[in-house]
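Numbering (my numbering), first residue to last: 34 to 373.
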């Protein structure tokens, strides 16, 4: 029987008064202390470099190509940075031309003064959308990366960026920061483990004004038909249901083949016909794990407000200290996209 806590996050929420001194050093952003999280290495999946363990979680990771509005995009980092400049398609084009995600970041940094005026208010929503696209268009390969994290915290190891990541202490055993990217990935994993797994194949653009790519409104991503095609190719040729053995009473025992049933269910999932206006499949030939296709027993999807809100305007209410058991049962990143 599936664990009812499967997919829930086990994030440490040390009260602000107890934050260690190293958690306030060398931090790029000023963050209200109640939003600063503390993560222990033994309970976390730490990612930094692409070729290291859990490197596929990074936006800089190659091998997870994207396609938006018919435009081929090499990395999630390139898509995210291009969203800074909806009014400057020439910068978007220059970003997409780069083979290295480090060059992408360099170009974006050089043009930061030209970023859209509301970038700091919408960047969390944009990042959430970008990693949703990464999963939708790499459902098996990136899904396997998420699955390998189990129930552990997902934490980006950063030397200075305490907003998107968390900064390690000198021993590299404790990480402190907002860890926004890691928490968004944990949100995504939670839905991926739950009963609405296949809803992640359909990604609508966030409600953001002038959300443009090459001066065109960004369209909905619908990967359902591509995933169905991948399943059919994975299974190899036509789907059959031939008898393979005999019952003792000489009555044939037929193979139980629910593949076509799954395909029909996917085609009718959430209702309506399957559309594929903007994208094509980039799924890798990786075996489907049981947990990717099974239904969860408890829905734990976090509801996100669509309205953009400025970060760090007022101080969030300080949470009371929770028992260790209570921490295991509480989703701690609920307000990640609702900073007020």
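Note that beta-carbon positions come from the ideal geometry of N, C-alpha and C, so glycine has one too. Please read these numbers as outputs of a predicted model, since none were measured by experiment.
Q. Expressed to the nearest angstrom, what Euclidean distance is found between the alpha-carbon atoms of residue 155 and residue 197?
A. Here the question's residue 155 lines up with position 122 in the chain shown. Here the question's residue 197 lines up with position 164 in the chain shown. Going from the Cα of residue 155 to the Cα of residue 197 covers about 14 Å.
Q) First and last residue of the alpha helix (DSSP H) that includes residue 164? A) Here the question's residue 164 lines up with position 131 in the chain shown. Residues 152 to 169.
Q) Touch check for the region 110 to 124 and the region 133 to 153: three-plus C-beta pairs under 8 Å? A) yes
Q.
Alpha carbons only, please: which of 85, 102, 137 and 126 is nearest the one belonging to residue 109?
A. Taking the chain shown and counting its residues from 1, the one referred to as residue 109 is at position 76. Closest option to residue 109, Cα to Cα, is 137.
Q | Residue closest to residue 18, alpha-carbon to alpha-carbon, out of 268, 252, 300 and 245 | A | One cannot answer for residue 18 here, as it falls past the ends of the chain, which runs 34 to 373.
Q | Sequence-distant residues of the same chain with beta carbon closer than 8 Å to residue 163, five excluded per side | A | Residue numbering aside, residue 163 sits at position 130 when the chain shown is read from its first letter. Same-chain partners within the cutoff: 92, 109, 112, 113 and 116.
Q.
Just checking: is the beta-carbon of residue 128 within a distance shorter than 8 Å of some beta-carbon in chain B?
A. In summary, chain B is missing from the structure at hand, where a single protein chain is found.
**Q.** For residue 213 and residue 157, believed in contact at Cβ under 8 Å, the rounded distance
**A.** On the chain shown, position 124 is the one that residue 157 refers to. On the chain shown, position 180 is the one that residue 213 refers to. Contact holds; Cβ gap of about 6 Å.
Q.
Which same chain residues end up closer than 6 Å to residue 79 when comparing Cβ atoms and leaving out the 5 residues on each side of it in sequence?
A. Sequence index remark: in the chain shown, residue 79 carries index 46 (1-based). Contacts found: 188 and 190.
Q: Leaving out five residues on either side along the sequence, give the residues of the same chain with a beta carbon under 7 Å from the beta carbon of residue 90.
A: For this step, residue 90 is matched to residue 57 along the chain shown. Around residue 90: 80, 178, 187 and 218.
Q. Assuming residue 215 contacts residue 69 under a Cβ cut-off of 8 Å, what Cβ separation, rounded to an integer in Å, is found between them?
A. To locate residue 215, count along the chain shown from 1; it is residue 182. To locate residue 69, count along the chain shown from 1; it is residue 36. Contact doesn't hold; Cβ gap of about 13 Å is too wide.
**Q.** C-alpha distance - residue 84 paired with residue 95, whole-angstrom precision
**A.** Along the chain shown, read from residue 1 onward, the residue named residue 84 stands at position 51. Along the chain shown, read from residue 1 onward, the residue named residue 95 stands at position 62. Their Cα atoms are separated by approximately 10 Å.
(Q) Going by DSSP, what residue range makes up the alpha helix (DSSP H) through residue 134? (A) As a working mapping, residue 134 is identified with position 101 in the chain shown. Per DSSP, residue 134 belongs to the alpha helix (DSSP H) from 134 to 143.
Q | Through-space distance from residue 97 to residue 143, alpha-carbon basis | A | Residue mapping note: residue 143 aligns to position 110 of the chain shown, counting from 1. Residue mapping note: residue 97 aligns to position 64 of the chain shown, counting from 1. Their Cα atoms are separated by approximately 25 Å.
Q) Going by the CB atoms, is the gap between residue 256 and residue 169 shorter than 8 Å? A) Numbered from its first residue, the chain shown carries residue 169 at position 136. Numbered from its first residue, the chain shown carries residue 256 at position 223. Yes. Within cutoff.
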